[in-house]
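**Student:**
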Amino acid sequence: MDGTDSLPNDLAECHELLIAAYRQSVQLEKKVATSEQETAELNRVLDETAASFETLKQEHAAVLD
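Residue numbers (the working numbering): 1 to 65.
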């Protein structure tokens, strides 16, 4: 079953469904772009934190010596 049996026969109704599907796809694309930006920012912060932690570990080791 391909799902075409659930589509309306009315052209205007099909048009409305198509527009709604398009709008939903645009919203989802925006969410994906936002998520990718947030992921990149979190990765940047994580990298900075890891580098800072390594520096602190080295400083701590130097103080202990």
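All C-beta atoms in this analysis are idealised placements derived from N, C-alpha and C, irrespective of residue type, glycine included.
Could one say the Cβ of residue 29 lies closer than 9 Å to chain B's Cβ atoms, at least one of them?
**Tutor:** You won't find chain B in this structure, because it holds only one protein chain.
**Student:** Could you name each continuous beta strand (DSSP E) segment of 3 residues or more that falls completely within the stretch 4-30, going from the start of the chain to the end?
**Tutor:** none
**Student:** Using only the alpha-carbon positions, how far apart do residue 10 and residue 32 sit?
**Tutor:** 33 Å
**Student:** How about residue 28 and residue 17: do their beta carbons lie closer than 9 Å?
**Tutor:** no
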